[in-house]
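The sequence shown runs -19 to -1, 1 to 227 under mature numbering (1 follows the signal peptide of the UniProt record, and there is no 0).
Don't be surprised by glycine CBs; every beta carbon is placed ideally from N, CA and C.
Computed from a prediction, not measured in an experiment: that's the story for all the values here.
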Amino acid sequence: MKTRLFFISLALFSTQAFAQTESSPPQEKESLEYHPYVPAWKRPFKPEPVNNTAIRMEKNAKAHIAAFKDGVLLVRLRTSEIAIKKLEDSGNKQMAASVRQQREKDNQKLAAAFRKHFTFCPVYFFYSYDSEKVKAGQFTGIMLDHNLKPDSSILPPDKKIYISEITELEQYRQQPDLPQESNNPEVSFKALVIRDGKFHQLAKPFPYFIKASTNIPPRKRSETEMVMLLDKNLQDYYKATNKTSK
């Protein structure tokens, strides 16, 4: 009897052990495939993914700098007409006259800086209220003389047109895969900016702006300093792109 009980107990124990073995999940080491270590120098070469957007922007910038060198620059001078009219309509004629006088001084400074220090291409001037005519290619009677008065005898040559002005830099990012470009409209600052003939702001790597102020030390740049920096950056970029294209 004792012998029979012994064999029955042994059979039950073996059955339970087998069931546990069958139901238990495989160990982690057994479930993973074995991958032997391969030194980096033996691994197959995998090129970095090509950033098509960056390549396209660089190509566009090179095309712009070549066209700019052979083209002309039109500097848009602000007139503050809307602000002046509001002051006059509200009866504040003295303040309106002060704003107009300050705007004329600023325009004279900017025009003088371009005439003296901008050598990258020929430069002409027009007032902001004639912007639509410039877009349409209607230049007769809107180009300005040395005293910033309209002169119908002044016409830019029939070449590629670029626009420059002091304004708030547009910070919206058209290409979301370029993290170096801000997409925050609050992150903006005043700058001397370059645009194409349709008044579209250019983009990197084209040197399309000069900040109107510096951060360290914090100070405002003069019109002369901005124009000189812009001219230098354009000249340097033109030389650099010519070297790489040869």
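Query: Residue burial classification, Ala172 (beta-carbon count within 10 angstroms, cutoff 16); Result: buried
Query: Separation of Phe107 from Val115, as counted between CA atoms; Result: 9 Å
Query: Cβ shell of His190 (< 6 Å), same chain only, five flanking positions each side left out; Result: In the sequence as displayed, the identity of residue 190 is Phe instead of His. Answer for Phe190: Leu150, Ala172 and Val174, listed in chain order.
Query: Residues near His98 by beta carbon distance below 7 Å, same chain, minus five either side; Result: Thr205, Val208, Met209 and Asp212
Query: Rounded separation between Asn214 and Thr100 - CA only; Result: 12 Å
Query: Contacting residues, own chain, Cβ-Cβ under 8 Å from Tyr110 (five flanking each side not counted); Result: Thr60 and Glu62
Query: Buried or exposed by the 16-neighbour rule on C-beta atoms within 10 Å, applied to Ser134; Result: exposed
Query: Beta-carbon proximity list for Val80, same chain, < 8 Å, skipping 5 on both sides; Result: Ser61, Ala64, Ile65 and Leu68
Query: First through last residue of the beta strand (DSSP E) which encompasses Arg37; Result: Element bounds for Arg37: not the beta strand (DSSP E) but the alpha helix (DSSP H), Asn33 to Lys50.
Query: Exposure of Arg200, with buried meaning 16 or more beta-carbon neighbours within 10 Å; Result: exposed
Query: Identity of the residue in Ile147, Val53, His181 and Lys220 nearest Ser194 by Cα; Result: Ile147
Query: Phe180 beta carbon less than 8 Å from that of Ala42; Result: no
Query: Span separating the alpha-carbon of Lys74 from that of Asn88; Result: 21 Å
Query: Coarse secondary structure for Arg81, derived from DSSP in three states; Result: helix
Query: Status (buried if at least 16 other CB within 10 Å, exposed otherwise) for Ile36; Result: exposed
Query: Secondary structure of Leu211, DSSP reduced to three states; Result: helix
Query: Nearest residue (CA-CA) to Asp177, options Lys192, Pro198 and Ser145; Result: Ser145
Query: Cβ-Cβ separation, Val53 to Lys140 (assumed contact under 8 Å), whole Å; Result: 5 Å
Query: Cys123 in three-state terms, based on DSSP; Result: With the sequence shown as reference, residue 123 is identified as Ile, and Cys is not the correct amino acid for it. Coil at Ile123, not helix or strand.
Query: Under the three-state DSSP convention, the category Asp206 falls into; Result: The sequence as given places Glu at residue 206; Asp does not occur at that position. Three-state result, Glu206: helix.
Query: Straight-line Cα distance separating Ala77 from Ser71; Result: 10 Å
Query: For Ala92 and Lys86, the rounded distance between their alpha carbons; Result: 10 Å
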